[in-house]
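*Asks:*
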Amino acid sequence: MHDRYNRRIADLPVFHYNTVINLTVRKFKCLNEKCHRKVYVEQNEHILPYARRTGRVNRLLSDIAIEMASGAGSKLSGKLKIQVCRSTLTRLAHLQPLPKLESIRVLGVDDWAFRKGVNYGTILVDMETSKPIDLLPTRDGADLKKWLKDYPDIEIITRDRASSYSSVIDSVCPNAIQVADRFHLLMNLSDALDTYFKSIAPKINALIKKETYEILEAANSQAQTNKSFEIPPLAEKTDSRQHVFYKVKELQAERITRRKIAKELGISRNTVRLYFSQDTLIPKAHPKRTNIELFTNYIISRITKEGHLIGSIIEEIRQMGYLGGNTQAYQYINFLKGTTPNIAANYTELQQKRMPYVKRLSSRKLARYIGYDMNRIDDAEEKKYLQVLLEKLPKLKQVRQLVRKFKTILKTGAGDIAKWILKVKESTQKLPGLLTFARGLERDIRAVKNSFRQKWSNGPVEGHVNRVKSIKRQMYGRASFELLRRKVLLSQSG
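To get my numbering, take the position in the sequence shown, counting from 1, and add 847.
#1: Where does the unbroken beta strand (DSSP E) through R1215 begin, and where does it stop?
#2: May I ask you to verify whether the stretch 1044-1053 touches the stretch 1223-1231, counting CB pairs closer than 8 Å and requiring at least 3?
#3: Are D990 and L982 closer than 7 Å when you measure CB to CB?
#4: Return the chain-ordered list of same chain residues with a C-beta closer than 8 Å to the C-beta of K1239, the five sequence neighbours on each side being excluded.
#5: Leaving aside the five residues before and after I980 along the sequence, list all residues of the same chain whose C-beta is less than 6 Å from its C-beta, in chain order.
#6: Would you kindly work out how many angstroms separate the C-alpha atoms of K1277 and H1031, rounded to a whole number?
#7: Quick check on DSSP: helix, strand or coil for I1175?
#8: Which residue wins for smallest C-alpha separation from L1257, given the options P860, K1302, A1109, E1229?
#9: G1218 and K1184 - do their beta-carbons sit closer together than 7 Å?
#10: Hey, how far is the Cα of K1045 from the Cα of S1210?
#11: Rounded to whole angstroms, what is the Cα-Cα separation between G988 and K1296?
#12: Quick one: which unbroken beta strand (DSSP E) runs of 3-plus residues sit fully inside the stretch 948-979? Chain order, please.
#13: Per DSSP, D1041 is paired with what?
#14: Hey, V1315 and W959 are a contact pair by Cβ (cut 8 Å); roughly how many whole angstroms apart?
#15: Pull up the CB-CB distance for I1004 and A1027, whole angstroms please, since I reckon it's below 8 Å.
#16: What number of angstroms, rounded off, separates the C-alpha of Y1179 from the C-alpha of G1168?
#17: Is it buried or exposed for C1020, if we count other Cβ within 10 angstroms and need 16 for buried?
#18: Look at the alpha carbon of G1154 and the alpha carbon of G1171, and state the distance between them as a whole number of angstroms.
#19: Looking only at DSSP bridge pairs, what is L1036 linked to?
#20: With burial defined as no fewer than 16 other Cβ atoms inside 10 Å of the residue's Cβ, what is the status of H1090: buried or exposed?
#21: Do M1322 and A912 have their CB atoms nearer than 7 Å?
#22: Grab the span of the beta strand (DSSP E) containing F1284 for me, first residue to last.
#23: Report the partner residues of Y887 according to the DSSP bridge assignment.
#24: Does DSSP put A1009 in a helix, a strand or coil?
#25: Determine the DSSP secondary structure at T1151, reduced to helix, strand or coil.
#26: Rounded to the nearest angstrom, what separates K1212 and K1242 at their Cα positions?
#27: Looking only at C-alpha atoms, which of M1034, G918, L908, Q1125 sits nearest to Y1361?
#28: May I ask you to list the residues that DSSP assigns as paired with R854?
#29: One question on the structure: do I856 and L870 come within less than 7 Å of each other, judged by their Cβ atoms?
#30: For the alpha helix (DSSP H) that contains A989, what are its first and last residues?
#31: Answer yes or no: do R939 and S909 have a C-beta to C-beta separation smaller than 7 Å?
#32: In this structure, how does DSSP classify I911 when only helix, strand and coil are distinguished?
#33: Based on Cα-Cα distance, which residue from S1298, L923, R1088, A1265 lies nearest to R1286?
#34: On a CA-only basis, which of G1260, V1271, K1231 is nearest S1248? Give me that one, please.
What follows is the structure in structure tokens.
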């Protein structure tokens, strides 16, 4: 033995207390003169040379470094009583080895944005396990070509419609079955329809301006039909004396004396005498009764004119001699409005009346609705809008048939996509957008046909693209591409 020295090794906390191992390490001197190593130190399987933490602490911190941003991971490690800085966590993430990929049968390829519209990368996913296997720094064909040369035995590749991917796959893996993603086919169709509706927007605007009143009336009638309940009529007020009056008249018919009736019903004999003299109960004179009945004809003449105001009518009859208050006047005018036919709309009703205007549907919305069944459109105005377009612009019916036929082929696999493409190309009508879409399908016809026959799609790849976005946004500019790559490939949370 040559010497000894002490090492302080951080370990996992015990009962939430910091734990430090004080380890005495021995140095040995080799007596063999032929050995090139003269002095060496005894080693421990749980502690690496020069390390200040045990292996299990390093494993825990490495998991934190992969699953969390460095700042948040540093705060968490402090709460776990293993305080490390952000740079240490970043360094631990870089030190972790990437998993080795031996073989792959079904590959998914798609791009993802470093910065949308500026630069992009490529993500590769094992479709059978739904796990990412690599990230490439660009979406150029050169990087993908270099990667595919190491795995020439891939059988199936799912991808979007990018021509750079398809040409590279054809050159490196000519025997692989390429599958165009069905979601991207629908997105391409939506873009084509958007272009088409923008091209005919002037015709649509002129037509809708002409048919505005018809659309509004249809929407109003539909809204009235959809009412699920009606407000019950208010009960009429009855005189509280009516029941007693009827009882008195019954007893009077039986020739009962007034004294006995008054005693039996608990009312005064004068009241009984009054009821005896009346055939019907005369209403009480209201203490606030006014002379408003004198102006009935004038009020009726005013409420049959458009845009009247009740406040103005009250001021006018007050100048003519009305002596009551506003409340009685409002009640009487509303009573006349309920009993008089041909009442015109007042000022408030005119203000609330719908303007003869229909909001134009955007080209994107028309692209979505053109393939819908009419019952799927909830808004009555939008439904009538589309019906007017289909009735007045006959070529839209052909577009509608083409869209629905394509979606049927895509959903069921039944039908000939080549015939559909030919029908679009030979159409006598100009179909901008759709014609470009059809030519693109023709160039990629093998992959398009495979998308109808194969069960594979780029759905799992799109999910991992969203996860890349989430991880990328956690790193706040401290990340390099290599760190992002390790976080995506080594994370156990995705």
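Even for Gly, the Cβ is constructed at its ideal location relative to N, Cα and C. Everything numeric in this text was worked out from a predicted model, so none of it was measured.
*Replies:* Looking at the coordinates:
#1: Within the sequence shown, residue 1215 is the residue found at index 368, counting from 1. Segment 1210-1216 is the alpha helix (DSSP H) holding R1215; no beta strand (DSSP E) there.
#2: no
#3: Locating residue 990 in the sequence shown gives position 143, counting from the first residue. Locating residue 982 in the sequence shown gives position 135, counting from the first residue. Their beta carbons are not under 7 Å apart, which means D990 does not touch L982 by this criterion.
#4: In the sequence shown, residue 1239 corresponds to position 392, counting from 1. Cβ within range, chain order: L1054, E1058.
#5: Indexing the sequence shown from 1 puts residue 980 at position 133. Same-chain partners within the cutoff: L948, L971, D973.
#6: Stepping through the sequence shown from its first residue, residue 1277 is reached at position 430. Stepping through the sequence shown from its first residue, residue 1031 is reached at position 184. If you take the alpha carbons of K1277 and H1031, they lie about 24 Å apart.
#7: As a working note, residue 1175 is residue 328 in the sequence shown. One detail in the question is off: residue 1175 reads as Gln in this sequence, not Ile. Residue state, collapsed to three classes: helix.
#8: Here residue 1257 is taken as the residue at index 410 of the sequence shown, counted from 1. Nearest C-alpha to L1257: K1302.
#9: Taking the sequence shown and counting its residues from 1, the one referred to as residue 1184 is at position 337. Taking the sequence shown and counting its residues from 1, the one referred to as residue 1218 is at position 371. No; because the gap between Cβ atoms is not below 7 Å, this pair is not in contact.
#10: Along the sequence shown, one-based indexing puts residue 1045 at 198. Along the sequence shown, one-based indexing puts residue 1210 at 363. Each residue's CA atom was taken as its position, placing K1045 and S1210 some 6 Å apart.
#11: As a working note, residue 988 is residue 141 in the sequence shown. As a working note, residue 1296 is residue 449 in the sequence shown. Distance between the alpha carbons of G988 and K1296: 23 Å.
#12: With a minimum length of 3 residues, the continuous beta strand (DSSP E) runs that stay inside the stretch 948-979 are 953-962, 966-973.
#13: For this step, residue 1041 is matched to residue 194 along the sequence shown. For D1041, which the question treats as bridged, DSSP gives no partner whatsoever.
#14: Walking along the sequence shown from the start, residue 1315 turns up at place 468. Walking along the sequence shown from the start, residue 959 turns up at place 112. The Cβ separation is near 5 Å, so the contact holds.
#15: As a working mapping, residue 1004 is identified with position 157 in the sequence shown. As a working mapping, residue 1027 is identified with position 180 in the sequence shown. About 10 Å separates the two Cβ atoms, so there is no contact after all.
#16: Position 332 of the sequence shown, counted from the start, is the residue given in the question as residue 1179. Position 321 of the sequence shown, counted from the start, is the residue given in the question as residue 1168. C-alpha separation (whole angstroms): 16 Å.
#17: Locating residue 1020 in the sequence shown gives position 173, where the first residue counts as 1. Flag for C1020 reads buried.
#18: In the sequence shown, the residue the question calls residue 1154 occupies position 307. In the sequence shown, the residue the question calls residue 1171 occupies position 324. The alpha-carbon atoms of G1154 and G1171 are separated by roughly 24 Å.
#19: Here residue 1036 corresponds to residue number 189 of the sequence shown, with the count starting at 1. L1036 pairs with nothing; no bridge assigned.
#20: The sequence position of residue 1090 within the sequence shown is 243, counting from 1. By the neighbour-count rule (16 or more Cβ atoms within 10 Å), H1090 is not buried but exposed.
#21: Within the sequence shown, the letter at position 475 stands for residue 1322. Within the sequence shown, the letter at position 65 stands for residue 912. If you check the CB distance, M1322 and A912 do not come in under 7 Å.
#22: For the purposes of this step, residue 1284 is taken as the residue at position 437 of the sequence shown. Careful: F1284 lies outside any beta strand (DSSP E), inside the alpha helix (DSSP H) at 1281-1290.
#23: To locate residue 887, count along the sequence shown from 1; it is residue 40. In the DSSP output, where bridge partners are listed per residue, Y887 has F875.
#24: Translated into positions along the sequence shown, residue 1009 becomes position 162. Reduced to three states, the DSSP call for A1009 is coil.
#25: Counting from one through the sequence shown, the residue named residue 1151 turns up at place 304. Coil.
#26: As a position in the sequence shown, residue 1212 is number 365, starting the count at 1. As a position in the sequence shown, residue 1242 is number 395, starting the count at 1. Straight-line Cα distance between these residues: approximately 18 Å.
#27: Any property of residue 1361 remains undetermined from this structure, which presents the chain solely from 848 to 1341.
#28: If you number the sequence shown from 1, residue 854 lands on position 7. In the DSSP output, where bridge partners are listed per residue, R854 has L870.
#29: Along the sequence shown, read from residue 1 onward, the residue named residue 856 stands at position 9. Along the sequence shown, read from residue 1 onward, the residue named residue 870 stands at position 23. Taking 7 Å as the Cβ cut-off, I856 and L870 qualify as a contacting pair.
#30: Sequence index remark: in the sequence shown, residue 989 carries index 142 (1-based). Taken as a continuous stretch (DSSP letters only), the alpha helix (DSSP H) holding A989 covers 988-995.
#31: Taking the sequence shown and counting its residues from 1, the one referred to as residue 939 is at position 92. Taking the sequence shown and counting its residues from 1, the one referred to as residue 909 is at position 62. In the sequence under discussion, the amino acid at residue 939 is Leu, which differs from the Arg named in the question. Yes; because the gap between Cβ atoms is below 7 Å, this pair is in contact.
#32: As a first step, residue 911 is located in the sequence shown; it is residue number 64 there, counting from the start. Residue state, collapsed to three classes: helix.
#33: Looking up residue 1286 in the sequence shown gives position 439. Of S1298, L923, R1088, A1265, the residue nearest in Cα terms is A1265.
#34: Along the sequence shown, read from residue 1 onward, the residue named residue 1248 stands at position 401. One point to set straight first is that residue 1248 is Gln, not Ser, in the sequence displayed. The residue with the shortest Cα to Cα distance from Q1248 is V1271.
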